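Here's the structure, in structure tokens; my notes come after.
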Amino acid sequence: MDLSKLHFFGSELAHYTHRVFWDIYPLSKQEFSESSIYRRASYDYIVQTIEKSSDLTTILINYLSSETPANTYAKKFLQGKALKIFPATLGDALINLGRLRNKVVHENSTVNAALTAYDQLGMLVVASFSMGTLAQTFSRCLSNRNIDDSNVVIDANYLLNFANRKSQNQLYAKSIDKVVERIKTDKSIFTCHIDIRSIKEMVSKIT
């Protein structure tokens, strides 16, 4: 496997996550509705996150199984879930975000009027964090780097800890309180358990 592709997808997903988390997620729904720049940016991040997640899933399906990757986002993410490439909760979130991506692209005026994307930003952040973490984890396992067996849990507490680690950075000072407040009430945030030991076992069977 070309590990540079895993590094690329990991870094791209990290970029999208940071931009959504710090620039768009702190906005109130009213602020989001009044800013076409941030709405359009959120649509682009949704599209890019799903497309990069799909490409990453294709690479992992090809490497870890004999199956042919499905030709739609929903079917491919279902396939990745069935092959246990990623947890069921992440697979379900990617399927939902894939549907949102299709609406953003093909029914944009409806999505724009209903502010549909706003209520899914927490799901987008967790899914993007999780796929980026998966890319990094597979890359480390494939390059035989030492990696702790402890599970990685990406959820509301993970996001709160991530935000609090940036509390001393002036770049994020204006957003911290709004981010923390929204995380505490955001029902779109889900829990993703990334089983490091399981990933190691999958890789060891191939290598």
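Sequential numbering of the sequence shown, starting at -2, is according to this note's numbering.
Note that CB positions come from ideal geometry on N, CA and C, so glycine has one too.
If you're wondering where the values come from, they're calculated on a predicted model, not measured in any experiment.
Unbroken alpha helix (DSSP H) run spanning residue i, endpoints
{"i": "ILE92", "result": "85 to 103"}
{"i": "LEU112", "result": "First-last for LEU112: undefined, no H or E at that position."}
{"i": "VAL44", "result": "33 to 61"}
{"i": "ALA71", "result": "70 to 79"}
{"i": "THR134", "result": "118 to 139"}
First and last residue of the uninterrupted beta strand (DSSP E) at residue i
{"i": "VAL149", "result": "149 to 151"}
{"i": "ILE191", "result": "189 to 191"}
Distance between beta carbons of residue j and residue i, contact taken as under 8 Å
{"i": "ASP52", "j": "PHE83", "result": "Not quite, the Cβ-Cβ distance comes to about 14 Å (not below 8 Å), so this is no contact."}
{"i": "ALA90", "j": "PHE187", "result": "6 Å"}
Contacts around residue i, its chain only, beta-carbon distance under 8 Å, and the 5 residues preceding and following it disregarded
{"i": "PHE135", "result": "LEU3, LEU57, ILE196 and VAL200"}
Sequence-distant residues of the same chain with beta carbon closer than 7 Å to residue i, five excluded per side
{"i": "MET128", "result": "LEU10, SER50 and LEU53"}
{"i": "ILE43", "result": "LEU94, LEU97, ARG98, VAL101, ALA114 and LEU121"}
{"i": "GLY88", "result": "PHE74, LEU75, GLY77 and LYS78"}
{"i": "PHE29", "result": "TYR35, ARG36, LEU112 and TYR115"}
Same chain only: Cβ atoms within 6 Å of residue i, ignoring 5 sequence neighbours per side
{"i": "ILE151", "result": "VAL123, PHE126, SER127 and CYS189"}
{"i": "ASP192", "result": "ASN148"}
Quick test of the definition: if touching needs 3 or more C-beta pairs under 8 Å, does the stretch 113 to 128 touch the stretch 13 to 26? The stretch 113 to 128, when compared against the stretch 13 to 26, does touch it at the 8 Å Cβ threshold.
Count the C-beta pairs between the stretch 54 to 61 and the stretch 142 to 155 that are closer than 8 Å, then say yes if the count reaches three, no if not. The stretch 54 to 61 vs the stretch 142 to 155: no contact.
Meets three-Cβ-pair contact criterion under 8 Å: the stretch 160 to 176 and the stretch 133 to 144: Note that the stretch 160 to 176 does not touch the stretch 133 to 144; fewer than 3 beta-carbon pairs, one per stretch, sit closer than 8 Å.
Assess, as a yes-or-no matter, whether the stretch 157 to 171 is touched by the stretch 105 to 112 under the definition of 3 or more beta carbon pairs within less than 8 Å. Contact fails: fewer than three Cβ-Cβ distances are below 8 Å.
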